[in-house]
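When you number the sequence shown by the working numbering, it's gap-free, plus one each residue, and the end is 132.
Below is one structure; the comments refer to it alone.
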Amino acid sequence: MSKSTIQAYFDAFNRGDVAAMLACLSDDVAHHVNEGAVRTGKDAFRAFCEHMNRCYRETLTDMVVFEAEGGTRGAAEYVVNGTYLETDEGLPEADGQTYRLPAGSFFSLKDGLITRVVTYYNLADWMRQVSK
């Protein structure tokens, strides 16, 4: 069950379908973003997605999803293929730069829903790719 929930979450991400991503999450989801604070709840997750969709256009490829025995934990490894659309506060100026980054996510699940999402990528590599 967890592997199909995680795959549905990423399929929704690649379609840009925030509502479908939210449908994969528990109401009290803990979202641990790379280099940032933990956001709790679907409203915080939705706001994060809206911000990201304004500043970045991304699709994920080369996806491998892993499921731990018992279905309560999972992970995924993938490549982020993106375009930097709008300058994000504290980061280099956006000018349509493209980037390609290996990344990974870790998940906790309960009752078929994601209760925790942790995402990691190399911020220094991204900065190098988008800096002018």
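No residue lacks a Cβ here, since even glycine has one placed at the ideal position from N, Cα and C.
Exercise for the section: Could you check the C-alpha separation between V65 and T119 for me, to the nearest Å? Expected result: 14 Å
Practice task
Going by CA-CA distance only, name the one from Y84, A37, E77, Q129 that's closest to R57.
Solution key: Y84
Exercise for the section: Please work out which residues of its chain come closer than 6 Å, Cβ to Cβ, to P92, disregarding the five sequence neighbours upstream and downstream, and give them in chain order. Expected result: V130, S131
Problem - Same chain only: Cβ atoms within 7 Å of Y9, ignoring 5 sequence neighbours per side - result: M21, C24, I114
Exercise for the section: In the DSSP assignment, find the unbroken alpha helix (DSSP H) run with T5 in it and report its ends. Expected result: 2 to 15
Exercise for the section: Can you have a look at L123 and say buried or exposed, based on whether 16 or more other CB atoms are within 10 angstroms of its CB? Expected result: exposed
Problem - Beta-carbon spacing of A44, H31 below 8 Å - result: yes
Exercise for the section: Report yes if the C-beta distance between E67 and S2 is below 8 Å; otherwise report no. Expected result: yes
Exercise for the section: Go ahead and pull the three-state DSSP assignment for K42. Expected result: helix
Problem - Spatial neighbours of K110 in its chain, beta-carbon cut-off 8 Å, leaving aside the 5 residues before and after - result: S26, T72
Handout entry: Per DSSP, cross-strand counterpart(s) of N81
Key = T59, R100
Exercise for the section: Name the one or two DSSP bridge partners that S26 has. Expected result: Beta-bridge pairing links S26 to no other residue.
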